[in-house]
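Undergrad:
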Amino acid sequence: MDRRPIAVPVIIVINVLIFLAWQAARMDPSLEQVMAANFLVSTSHLVNGYWWTLVTSAFSHIEFWHIGINMFVLWSFGTILEKLWGTPIFVAFYLVAAMVASATHCLVSSVLMGNPDINALGASGAVSGLLLAFALLFPKHRILVFGVIPVPALIGALAFVAIDLWGLFAQTRGGGIGIGHGAHLGGALCGFLFWASYLRTRFKLPAAGQSSQMAMTPEEVQEFQRLRQKLDHEGPQALTPKEKIFLEQIRERVMAAHQQR
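Residue numbers (the working numbering): 9 to 269.
Below, the structure written as structure tokens:
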């Protein structure tokens, strides 16, 4: 059965609705107070009992450029990963990455910056987790950094991690800009741990440095997973000639890769 992304469009719609609520709040001080209390996260907020902001802040954006970038990256990589993992696993990972990203921001702002009142919002932490997980699954797949620079996915993702590390260091020294580098790094850490503990063995995709003959594109992996499900549920007789040819080509590439070792 073909997996169609359900969670990603729903997440985007929720983000857009909350973004619109923020725009309305600019003209209504009472609504702005409600939004700030429930859709921003900080250590002070958590201490005062607003624990749900660990999640709600990850669906919250005030500026158009912020939601635009995050939703574009979510759509670009999230739809592929949701099809590959299935919706339940995708949603679970996204929410965990969002909470860890929020918690990391609170830890960094309190311990490293000494200010428990620094607020954060945005999907960037959860999206960073998706990006690194994608890059570890498909290290050689070409992505466009800043929309224009083509690089292998793993190099691009690690470059963003390096930028966040540098930005966080600058913030701890009293410089930097108002970006949640700590949240980004917390989300990226989730992506790495999920890959190391589950994805690496569950999907058994070729890692960087393995034979290029065996390397599979994200689209090929999706098709392979779909056909494996079809075989499990309907048997080999349900395969079309085109599907049989595809599986035979994958088998030949696996054999060729093993012979090169």
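Ideal Cβ placement from N, Cα and C applies to all residues, glycine included.
Small disclaimer: the values here were computed from a predicted structure and weren't measured.
1) Among residues of its own chain, excluding the 5 on either side of Ala-143, which ones have a beta-carbon nearer than 6 Å to its beta-carbon?
2) Which class does Leu-247 belong to by DSSP, given the choice of helix, strand or coil?
3) Do you know offhand how far Ser-38's Cα is from Trp-30's?
4) Alpha helix (DSSP H) containing Ile-88: first to last residue?
5) If we count Cβ pairs, one from each stretch, closer than 8 Å, do we get three or more for the segment 20-27 versus the segment 67-86?
6) Let me confirm a value: Leu-152 is counted as buried when at least 16 other C-beta atoms fall within 10 Å, else exposed. Which label applies?
7) By how many angstroms is the C-alpha of Ser-117 removed from the C-alpha of Ser-84?
8) Verify whether the separation of the beta carbon atoms of Cys-198 and Ala-105 is less than 8 Å.
9) Using 10 angstroms around the beta-carbon of Ala-191, count the other beta-carbons present and answer buried if the total reaches 16, otherwise exposed.
10) Between the alpha carbons of Gly-184 and Leu-173, how many angstroms are there, rounded?
11) Exposed or buried, Gln-179, counting other C-beta atoms within 10 Å across all chains shown (16 or more means buried)?
12) Could you tell me if Ala-215 is buried or exposed, where buried requires 16 or more neighbouring beta carbons within 10 angstroms of its beta carbon?
13) In three-state terms, what does DSSP make of Arg-181?
14) Distance, Cα to Cα, Leu-140 vs Pro-249?
15) Could you tell me the distance, in whole angstroms, from the CA atom of Ile-97 to the CA atom of Glu-90?
16) How is the beta strand (DSSP E) around Pro-147 delimited, first residue to last?
17) Scan the segment 94-166 and note each continuous beta strand (DSSP E) run of 3 residues or more that stays entirely inside, going in chain order.
TA: Working from what's here:
1) Taking the sequence shown and counting its residues from 1, the one referred to as residue 143 is at position 135. The answer, listed in chain order, is Ala-161, Leu-162 and Ala-165.
2) For the purposes of this step, residue 247 is taken as the residue at position 239 of the sequence shown. DSSP places Leu-247 in coil when its eight states are reduced to three.
3) Sequence index remark: in the sequence shown, residue 38 carries index 30 (1-based). Sequence index remark: in the sequence shown, residue 30 carries index 22 (1-based). Distance between the alpha carbons of Ser-38 and Trp-30 is about 12 Å.
4) If you number the sequence shown from 1, residue 88 lands on position 80. Its alpha helix (DSSP H) spans residues 87-93.
5) yes
6) Position 144 of the sequence shown, counted from the start, is the residue given in the question as residue 152. Classification of Leu-152: exposed, given that the 10 Å Cβ count is below 16.
7) Within the sequence shown, residue 84 is the residue found at index 76, counting from 1. Within the sequence shown, residue 117 is the residue found at index 109, counting from 1. C-alpha separation (whole angstroms): 30 Å.
8) Position 190 of the sequence shown, counted from the first residue, corresponds to residue 198. Position 97 of the sequence shown, counted from the first residue, corresponds to residue 105. Cβ atoms of Cys-198 and Ala-105: closer than 8 Å.
9) In the sequence shown, residue 191 corresponds to position 183, counting from 1. Answer is buried; the Cβ neighbour count reaches 16.
10) If you number the sequence shown from 1, residue 184 lands on position 176. If you number the sequence shown from 1, residue 173 lands on position 165. The alpha-carbon of Gly-184 is positioned some 11 Å away from that of Leu-173.
11) Mapped onto the sequence shown, residue 179 falls at position 171. Residue environment: Gln-179 is assigned as buried (16 or more neighbouring CB atoms within 10 Å of its CB, all protein chains considered).
12) Counting from 1 along the sequence shown, the entry for residue 215 is found at position 207. Confidence at Ala-215 is low in this model, with a pLDDT of 43, below 50, so the placement of that residue is unreliable and no value is reported for it.
13) Counting from one through the sequence shown, the residue named residue 181 turns up at place 173. Correct three-state label for Arg-181: coil.
14) Here residue 140 corresponds to residue number 132 of the sequence shown, with the count starting at 1. Here residue 249 corresponds to residue number 241 of the sequence shown, with the count starting at 1. Distance between the alpha carbons of Leu-140 and Pro-249: 36 Å.
15) Position 89 of the sequence shown, counted from the first residue, corresponds to residue 97. Position 82 of the sequence shown, counted from the first residue, corresponds to residue 90. Roughly 8 Å separates the two Cα atoms.
16) Locating residue 147 in the sequence shown gives position 139, where the first residue counts as 1. DSSP places Pro-147 outside any beta strand (DSSP E), giving it a letter other than H or E.
17) The beta strand (DSSP E) runs of length 3 or more contained entirely in the segment 94-166 are, from start to end of the chain, 150-153 and 157-160.
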